[in-house]
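Undergrad: I have a structure I would like to understand better, so I am pasting it below and will then ask my questions one at a time.
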């Protein structure tokens, strides 16, 4: 189930890539994701996909007039439209989900246990009685 | 013009590793990832996003192009799905860019060695 969710998240990331990039490399990237997710882990692959998405989108921004079929718009200027905001929101949500997934692993970081011991009721009564 | 630019500019780590992997023969995307990991003893592992982002740049610059899968690669492939993979090859410009980068790194290593030697002599 977990791998299905992560695969869905990765597919979503690929869908947000520019259409030309998606058509050219999308299927191979998904195939490599399937092969690598056991070895490399899901979080680094999702992060790598998100960085790739940002790079591709930035490249489109520096090349105005390129048609983006994925978002259904023609990107013509540097202004941030609602669709791009939505894409950004989804990307950062995916990064957040992958971080949560990483932290929910059995032992992602060393943890310390703290034991507090309160004084017993009997001790308190003894001290206050003259 | 593009190859001239590539000859002069230092290559990024990912680009250098991809070109080095392809210098050994035609490979598909996952093959490049495995070859890069093998060459670096597992210390450097490319993600698919980084790989294809760089491959696209290299293809646009004419340093890498599509290649037909070799018969040996086909025989090595475990699954039929892997046989359908797209293979990549170094172009002549790609080989020139890699050679230029190796020369540049060689110069850096030579300079670094001579400076370290001078530093040792100065201390003694």
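Residue numbers (this note's numbering), protein chains in the order written: chain A, 1 to 130; chain B, 1001 to 1124. For each residue, glycine too, the CB sits at the ideal point set by N, CA and C. None of these values were measured; they are calculated from a predicted model.
(1) Under 9 Å, do residue 1088 of chain B and residue 1067 of chain B count as touching if we go by C-beta distance?
(2) Does the Cβ of residue 2 of chain A have 16 or more other Cβ atoms within 10 Å, making it buried, or fewer, making it exposed?
(3) When burial is assigned at 16 or more other CB atoms within 10 Å of the CB, is residue 6 of chain A buried or exposed?
(4) Please give me, in chain order, every unbroken run of the alpha helix (DSSP H) with length at least 4 that falls completely inside the region 1022-1052 of chain B.
(5) Just the Cα atoms here: how many angstroms apart are residue 1062 of chain B and residue 1052 of chain B?
(6) Assign residue 1056 of chain B to buried or exposed, taking buried as 16 or more other Cβ atoms, counted over all protein chains shown, within 10 Å of its Cβ.
(7) For residue 36 of chain A, is the classification buried or exposed, using 16 other Cβ atoms within 10 angstroms of its Cβ as the cut-off for buried?
(8) Is residue 60 of chain A close to chain B? Criterion is C-beta to C-beta, closer than 9 Å.
(9) Under 8 Å Cβ-Cβ, which residues of chain B neighbour residue 21 of chain A?
(10) Answer yes or no: does any C-beta atom of chain A fall closer than 9 Å to that of residue 1018 of chain B?
(11) How would you write the range of the alpha helix (DSSP H) that residue 1089 of chain B sits in, first residue to last?
(12) Using 9 Å as the limit for Cβ to Cβ distance, is residue 1003 of chain B near chain A?
(13) Tell me which residues share the same chain as residue 88 of chain A and place their Cβ nearer than 7 Å to its Cβ, disregarding the 5 neighbours each side in the sequence.
(14) Per DSSP, what are the beta-bridge partners of residue 1067 of chain B in this structure?
(15) Please report the distance separating the alpha-carbon of residue 21 of chain A from that of residue 94 of chain A.
(16) Please classify residue 18 of chain A as buried or exposed, where buried requires at least 16 neighbouring CB atoms within 10 angstroms.
TA: The short version:
(1) Cβ atoms of residue 1088 of chain B and residue 1067 of chain B: closer than 9 Å.
(2) The residue in question, residue 2 of chain A, is exposed, as its Cβ has fewer than 16 Cβ neighbours within 10 Å.
(3) Of the other Cβ atoms in all chains shown, 16 or more fall within 10 Å of the Cβ of residue 6 of chain A; this residue is therefore buried.
(4) Correct list: 1029-1039.
(5) Each residue's Cα considered, the two are about 15 Å apart.
(6) Label assigned to residue 1056 of chain B: buried.
(7) So residue 36 of chain A ends up on the buried side.
(8) Chain B, which has no Cβ nearer than 9 Å to the Cβ of residue 60 of chain A, makes this no.
(9) Ordered by position in chain B, the residues that pass the 8 Å Cβ test against residue 21 of chain A are 1052, 1056.
(10) No, residue 1018 of chain B lies away from the interface with chain A (no Cβ there is under 9 Å from its Cβ).
(11) Careful: residue 1089 of chain B lies outside any alpha helix (DSSP H), inside the beta strand (DSSP E) at 1087-1090.
(12) Note that residue 1003 of chain B scores 48 on pLDDT, short of 50, meaning its location in the model is unreliable and no value can be drawn from it.
(13) Result list for residue 88 of chain A: empty, nothing under 7 Å.
(14) DSSP, once it has assigned bridges, lists B:1087 as partnering residue 1067 of chain B.
(15) One Cα belongs to residue 21 of chain A, the other to residue 94 of chain A, and the distance between them is close to 20 Å.
(16) With 16 or more other Cβ atoms within 10 Å, it is buried.
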